[in-house]
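Here the sequence shown stands for residues -14 to 170, numbered as in the numbering used here. Below: the structure, in structure tokens.
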Amino acid sequence: MNRIVTAFALINAFAGPAAAADASTDTLARGRYLVTVASCHDCHTPFKAGPNGAEPDMSRMLSGHPEGMLMPPAPRLPAGPWLMSVAATNTAWAGPWGVSFTANLTPDAETGLGRWTLRNFIDTIRSGRHMGRGRPILPPMPYPMYKHFTDEDLAAIFAYLQSIPAISNRVPEPLPPAPTTAARP
Ligand code: HEC
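Right, dumping it as structure tokens:
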């Protein structure tokens, strides 16, 4: 009897940590999958010219608008159905809201999400405001869709984002809309 108990204890001792490691590997794999299919790279990984056209530059994975890429003033569009302009990197966007720059989602403590908690992340995505209480998040960040992710999905996305290489890249603050002709004195 004692021997059987010992055998069970041994099996449990091995199953415990191994099972926990599997769970976290699963969570990271799920986060990676969600980040891929929900197109986070489309806007948060700067695009570069590749052999088949523009493609995300994975050496700068999810690090947002490159700090060294200073954007000239956005072109003034004529009246008409064209609404916005976008940088070749897909990381700077000018429209009626002003100019927005995609955020650094890597775990860098100073310039990325390194100091964020899961709570900060969930509050941001659910409310469409920085940290759930700061300024509203500007277009084209698709939080109106992403707020429907389950808590479990958001936890997996956040866990994955915290596991990728940290890249120091300070993204500029957004710019307000250019004054319109009518608003000028
Ligand atoms: C169509 C472009 C686009 C896509 C796709 C996109 N984002 Fe964003 N995201 C942005 C822009 C632009 C900003 C900056 C908005 C601002 O400064 O108000 C941003 C900001 C953020 C922020 C920062 C919010 C803050 O308060 O600092 C987080 C977090 C974020 N995105 C996460 C994600 C995740 C996770 C995905 C994929 C599931 C994703 N984004 C996909 C464009 C996008």
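Where a beta carbon is used, it is the ideal one built from N, C-alpha and C, also for glycine. Nothing here was measured: the structure is a model prediction, and the numbers come from that model.
When DSSP labels each residue in this structure, what does residue i get in the three-state scheme?
i        : result
Leu19    : helix
Leu146   : helix
Gly117   : helix
Arg51    : Strictly speaking, residue 51 in this sequence is Pro, with Arg absent from that position. Coil at Pro51, not helix or strand.
Pro129   : helix
Arg169   : With a pLDDT of 45 at Arg169, under the threshold of 50, the modelled position of this residue cannot be trusted; read the value that follows with caution. Correct three-state label for Arg169: coil.
Ala151   : coil
Ala141   : helix
Ser178   : Outside the displayed span of the chain (-14 to 170) sits residue 178, for which this structure offers no information.
Leu13    : helix
Val(-10) : Bear in mind that a pLDDT of 45 at Val(-10), under 50, signals an unreliable position, so the number given afterwards is only what the model happens to contain. In the structure shown, Val(-10) sits in a helix (DSSP, three-state: H, G or I).
Ser24    : coil
Arg61    : coil
Arg100   : coil
What first and last residue would you give for the beta strand (DSSP E) that runs through residue i?
i     : result
Ser85 : Gly83 to Phe86
Please confirm whether residue i and residue j have their CB atoms less than 9 Å apart.
i      : j      : result
Thr91  : Pro157 : no
Thr74  : Pro31  : yes
Leu103 : Asn89  : no
Phe143 : Trp101 : yes
Pro159 : Ser48  : no
Check the DSSP bridge columns for residue i and list the partner residues they point to.
i      : result
Leu160 : Val84
Gly35  : Gly38
Ala77  : Phe86
Where do the ends of the alpha helix (DSSP H) carrying residue i lie?
i      : result
Phe134 : First-last for Phe134: undefined, no H or E at that position.
Gly111 : A quick correction: the sequence has Arg, not Gly, at residue 111. It spans Leu103 to Ser112 - the alpha helix (DSSP H) in which Arg111 sits, taken as one unbroken run.
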